[in-house]
Structures are given as C-alpha cells and as structure tokens.
Amino acid sequence: MSNKIKAAIIGPGNIGTDLLMKAQRSVVIEPVWMVGVDPESPGLARAAEMGLKTTADGVDGMLPTMREDGVQICFDATSAYVHAENSRKVNEQGAVMIDLTPAAIGPFCVPPVNLVDAVAAKAMNVNMVTCGGQATIPLVAAVSRVQEVTYGEIVATVSSKSAGPGTRKNIDEFTRTTASGIEKVGGAHTGKAIIIINPAEPPLIMRDTVHCLTHDDPDQDAITQSVHDMIAEVQKYVPGYTLKNGPVFDGKRVSIYMEVEGLGDFLPKYAGNLDIMTAAGLRTAEMYAEEILAGNFNPELA
Amino acid sequence: MDAEPKPTWMYSRRVLVHALQHRGLARSQTKRVDAMNLQGKKITVHDMCLRDGMHPKQHQITVEQMVTISKAMDDAGVPLIEVTHGDGLGGTSVNYGFPAASDEEYLSAVCKEMKNAKISALLLPGIGTVDHLKMAVDCGISTIRVATHCTEADVSEQHITMATSIKGLDTVGFLMMAHMIEPEELVVQLKLMEDYGANCVYITDSAGYMLPDDVTARIALARAELKPETELGFHGHHNLAMGVANSVAAVAAGANRIDGSMAGLGAGAGNTPLEVFIAVCDRMGIETGVDTFKAMDIAEDLIVPMMDHMVRVDRDALTLGYAGVYSSFLLFAKRSAEKYNLSSRDILVELGRRRTVGGQEDMIEDLALDMAKERGTI
C-alpha cells in the first residue's frame, strides 16, 4: 500500500459513498477515513464495513489523528456552508482539500482543461465547479482553444431524482457558479448557465447542450476535431460521456449535444450529473497523488 | 398516432365527483359548477401579451410597442400586466432567443408610465436568479411570479422566500404543465409554494391540454385545501380552443385570478384571448373592471397588426394541446422541421412522448437530428 496516498471523505451521503466506491479502485488513492455528523448515517456504517475509520463528530472527530493516519488528501462532499471551515482545518493538518460543494473558495478545476495548472500551482484547495460545469466546460474550452468565443451557454437537464435537496434549495448557486466557470475555465468572454429538472420516469440520463458564439466564422474542421479530442479526454474518467449530435454550425453558433451516463457505482446510471462530479474529484486527487508520489509536491510544506 | 401520445391522465366526471366527495365537497361544488351563477364575482385578470406574447414574436417586441400597449391596457382598466422575456427574467439566451431589449429596459420604460395598472415579471428558477428579481423590483414591478415545473415546487423556495422579504411585493407561485400530475399531487406542490410565503398560487396549463373538467378538478381541490386567504389563479393556452371555457371553469371552481392575453398573443395557439374572456365575463356578470370595448380595440388595432404570423389553432398548435407539449416549443419545432426536412407534428408528438418539460428547447434540434438521421432526411 506504500504506493498509495491516503485520503479522507467528508460527507457520507450519496456523493461521498459513490466517491468511496470509485476511490477503492484507484491505484494511487487509498480512502482511510469517512467523516459524517450523524451516527445513524448508513453511509458511515457502509464505510466502516469497508474498513475505513469513521466519525460522526464532523471534521473535528478526525483532526486529532489524521496526520498520524497519513491523510494527505480530503474530499468535501457536504455543503457550501460548512466547507470553508472544513478546508481550513484539514489544510492546517497538511492535507489538500478537493471541494465538491459549490463553495468555490479555491480555484475552479475541470480536469481535462486546467487540472495541470492547479497541481502546478500547488493549490491547497480546488473547487470542482458544478455537475453541469464538469459536463460542459470541457467543450466550451474545446471551442475556445480553436478560436475566440464571445459567449458560451450551457443547458443541463437532470432527472428529478438526481437533484438533491442542496441543489434545490440553492439553485441560483448552480447558475452563477457554472456561468463563472464557463468564463474562467471555459474561456468564453460571457457565460450563461441554465438548469432544467425533469421528473420523467424512468429517469432521463443527464443531457447537456453547449452553445458557443464565436467571434469570427467558426473553423468547422478544427472545432469538430477539438471537440472529439476533448470528449476522448473526459471519457478517460467518465466512460459514459457521449456526443449525441453536433457540433452543429449555424452562422457563428456552434452547438454540441451531449449525454452523460454514470458508471452506476453507488448512484444509478442516469445520474451522470453526480457521477461526473465524483469522477472528476477523484481524477483531481489522483493527479495530486501522482505528484506527491513523484516527490514534486509536499502538501505539508505548501 | 398509434404510438400513444400519452394523455397523462384523463379526468372523468366520475373521478372528479369522487375527488370532491372525498373532501365532502361534492354537493356544494358540483352545484356551483352546474348553476354557473357567478353574478357579482370579482376577479383579477392578468394580461400576458407582453410576456407570453414574446414567444410568437421571437422576443422582438420593442420597448416602444410595450409602452404603447401597456398604456392602452392601463386606460382600459386592465389591473395587472406581465412584462418580461418570454422565458422570464434572464431568459435572454441562445436557447430561448435574444430579445429586442433587456428586461431592465422593458420594465423601467413600462412601469413609470402606469397610472393604475400594476406590472408583473416572471422568473423561472434555473434560468433567472434572485439578482434578476431584485433588478425587476428596482424597476418598479408590483408582482413577481416564480414558476417551476408542476412537480418541482421546492426549487422556488429561495426566490419566493426572498420575494416575501420585500415589503408589499405580491408574490405568486406558478406551477407549469399542471396537466401532467393528478390534482392531489398538484395540491401538495401548491402548498409548498404557499408555505414558502406565496400569497397567490397558479395552476398553469402550459400545454393547453386541459379540458374544463380537468381545470375544475384541480382548482376545486386546491381551493378546498389551500388557506382561504391564498389567492388562486389559472393560466390557460388555447391549443384546443378551450382557453375561455377553461378560464370560466376555473372561476366557477374558485379561482380569482385569470391570465389571458389580448388577441391571444402568446405561445402555441396563444393564451386565453383576454378580450373574449372579458366579454364573456360581462355577459355572466363576473366583474373584471375592464372596459370590454376598449379591450376589443386593443386586440384588433394594436395586437393583431403586430403579429408575425396569425396566432391561431393551426395544425402544430393543435398538436401541442393534443399531445400535451409545452406551448413555446412551437416555433422551435417548426424551424427544426424545416431545417432537417421533417414534419413538425412528428417532432412535437415525440417531445410529448418523451415527457419533456418547460425550458427544454435545446432538446428540439437534438431530437430533430436523431429523427433526421433515422429517416435519412439529411
């Protein structure tokens, strides 16, 4: 096990549990802690069964021993409200924080676009934007790396069953944070995000539409190639990331129609929106772990 | 149409009476419906032509037209007028269309010209945010309507809660595509919006799919279950030519706010034609406070001449009502059908079969491409 970096997952809910299942297959990450706040949580019980240390006392329950347990990476799958405090505490113990909440106190990270930059900058907190952001920002970037994108807009349609209470109570966080990510990471001058929740049964697989308006007439061949290349990059960690139609070119509009099917680890396959978050979070952790293992980065000293 | 376009449910008289009996209301409610004696009942009509009417105009109504029309409606005694992008505040997008002017420009120009009429704005969480809401309040709106799909009322909590913190703001919860669920389920969702603080809630027939009994069942149950002080509204579309009949049914079952639009300018076959509804109310003794002849003149002299196409029950609009499809999909389906050599009716029927909801305009070109590939039309 010496070639794996130890990690803690904060938040034993659906996201945290799905992340745990993915992390157990990782060749560079070893999940050792699951942190919750409810002793009755089935997620904590499940993690304990899998041999992880658990606490129902929040991050404070892990802090006294996390250093001796060797935890160097933490995932926060709780809520934006408690994230900043969680992050400060684990950073003090020398662990990098990967933020799956919409708190966005650290730089945005969309793995195939800018993960390398985040790791190179040795950021101690990185934010995974939003599910819609993870599914669409790579494609905005795929267009903007070919030519100037004046406006990028995404429409994420998710099944009602995969939109949790956190998303519902604060849906504006989704639209704001995603729009900001489209600009800062996607490279569009102006970003716009729309989310639609559809209750159809059986639940629909996450759909995403990306519209870009280019400054000059779009270079159709170059953009098409770039989009296909980018999709292949995302498929490395989300195999169900599928181009349904497009790119469609209509004047200066470039439209790309996607479907995101999850792996079905803990969450059902239709919940590609949740799967792409956990997969992107893990991908980010693995890249940090590789850097730590190679001796290029020591979070203790950052 | 052998591949069932799924009428999600059909409301029979039997089920209706059962629902009402269940609440101990059968006698009084059915009597009221049958007698239709609505003499002296006061209702508030709410005009939609400067918001829902943005759909058939592809959001190109000018600020000047908005001002002219709203002033004429103010003069005619229309108490409440909605002014927003067709898809609500923040609707400006590739997905729904870029408007001729911003919501801020429309609202600030119209609000300051009103003598008696109040102005409302629509907001769909997931498209617009509380920042848009605050902007609209600063422009002078009196009413905010927060709209969600009929099963997703909980996404409106943030916006309704915020709206109720603004003193004097009339706060309305608006449940779209209300034909898709049973009255009992609908009431649960309406009550969520009531709990968040909405002083009025709406049952919205976005697809123009409902028949009068469907409206009666929903409004009557909602009226019986909501707090007595909570106002109840109905928003119709005329895709099955039921706009006026459904609105009268709504009033008879206890609704006190009715949406319509002058000359029906709205998505699909349009909204309930307001001048017609007002004339009918006059005949029935329902008090709207609107001058019937002035309403007719606005429809005929101002609205009809500005239509890009005749807003009527054409084949595609009829399909919306028949298959239960969101009315603003109409022009998107027509355009995709033309571009990919398909029948717009086929596209609309398939959108209904897939149980698409409001806002999924992006699905239309995607679906059309799938159909075109399958059929070899591209």
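Keeping their order, the protein sequence lines are chains H and V. Numbering that gives the first Met the number 0 puts the first residue of the first sequence at 0, with every later residue one more than the last. Numbering that gives the first Met the number 0 puts the first residue of the second sequence at 0, with every later residue one more than the last. Cβ atoms here follow ideal geometry from the backbone N, Cα and C, with glycine treated the same way.
For Leu-99(H), the CB contacts under 7 Å within the same chain, skipping 5 residues up- and downstream, are Ile-14, Phe-74, Asp-75, Ala-76, Met-127, Met-276 and Gly-280 in chain order.
Excluding residues up to 5 positions away in sequence, Leu-37, Gln-38, Gly-39 and Lys-40 lie with their Cβ nearer than 8 Å to the Cβ of Gly-284(V) in the same chain.
The C-beta distance from Asp-204(V) to Gly-235(V) rounds to 5 Å, short enough to meet the 8 Å contact threshold. For the 7 Å CB-CB criterion, Ala-252(V) and Thr-229(V) do not form a contact. Residue contact with chain V for Pro-198(H): present (Cβ-Cβ distance below 7 Å to some residue of chain V). Residue pairing from DSSP places Val-154(H) in a beta bridge opposite Ile-193(H) and Thr-208(H). For Arg-206(H), the closest C-alpha among the options Leu-262(H), Ser-158(H) and Pro-30(H) is that of Ser-158(H). If you look at Ile-143(V), you'll find it in the beta strand (DSSP E) that goes 142-148.
Here the alpha carbons of Asp-307(V) and Thr-16(H) stand approximately 54 Å from one another. Interface annotation for the stretch 249-264 of chain H against chain V: Arg-252, Ser-254 and Tyr-256, criterion Cβ-Cβ distance under 8 Å. Residue state for His-58(V) is assigned as coil, using DSSP reduced to three classes. In the DSSP assignment, Asp-249(H) forms a beta bridge with Arg-252(H). The residues Ile-72, Met-123, Tyr-287 and Pro-298, in chain order, have a CB closer than 6 Å to that of Val-95(H) in the same chain once the five nearest residues on each side in sequence are set aside. The residue among Gly-180(H), Gly-42(H) and Ile-196(H) with its C-alpha nearest the C-alpha of Met-20(H) is Gly-42(H). Remark: C-beta atoms of Ser-326(V) and Leu-317(V) do not approach each other more closely than 7 Å. Around the Cβ of Glu-172(H), a 10 Å sphere holds 16 or more other Cβ atoms; the residue is buried. Sorting Val-148(H), Lys-52(H), Thr-223(H) and Pro-217(H) by C-alpha distance to the C-alpha of Gly-69(H) places Lys-52(H) at the top.
Boundaries of the beta strand (DSSP E) around Arg-256(V): 256-259.
DSSP links Pro-272(V) through a beta bridge to Ser-260(V). Comparing C-alpha distances from Lys-333(V) to each of Gly-323(V), Val-348(V) and Cys-199(V) shows the shortest one belongs to Val-348(V). DSSP places Ser-92(V) within a strand segment (E or B) once states are collapsed to three. If only complete runs of 3 or more residues are kept, the stretch 100-150 of chain H shows the beta strand (DSSP E) at 124-126, in order along the chain.
Contact annotation: in the stretch 75-107 of chain H, no residue has its CB less than 9 Å from a CB in chain V.
Around the CB of Leu-300(H), fewer than 16 other CB atoms lie within 10 Å, so the residue is classed as exposed. For Lys-114(V), the closest C-alpha among the options Ile-218(V), Gly-232(V), Ile-80(V) and Glu-364(V) is that of Ile-80(V).
Residue contact with chain V for Ile-170(H): present (Cβ-Cβ distance below 7 Å to some residue of chain V). For Ile-222(H), there is no enclosing beta strand (DSSP E); the residue is part of the alpha helix (DSSP H) that begins and ends at 219-234. Lys-41(V) is bridged by DSSP to Glu-286(V). Using a Cβ-Cβ cut-off of 7 Å, Leu-368(V) is close to Asn-244 of chain H, given in chain order. Going by C-alpha positions, Ala-103(H) is about 9 Å away from His-82(H).
Among the residues of chain H, none has a CB under 8 Å from the CB of Glu-337(V); the nearest is roughly 13 Å distant. By the CB criterion at 7 Å, Val-89(H) and Gly-57(H) fall outside the cutoff. Secondary structure at Tyr-208(V): coil, using DSSP grouped into helix, strand and coil.
For Ile-159(V), same chain residues with a beta-carbon under 8 Å away, outside a window of 5 residues either side, are Val-145, Thr-170, Gly-172, Met-192, Tyr-195, Gly-196 and Ala-197 in chain order. What Ile-204(H) touches in chain V, judged by beta-carbon distance under 9 Å, is nothing: the nearest beta carbon there is about 12 Å away. Proximity of Val-148(H) to chain V, defined by a Cβ-Cβ separation below 7 Å, is not satisfied.
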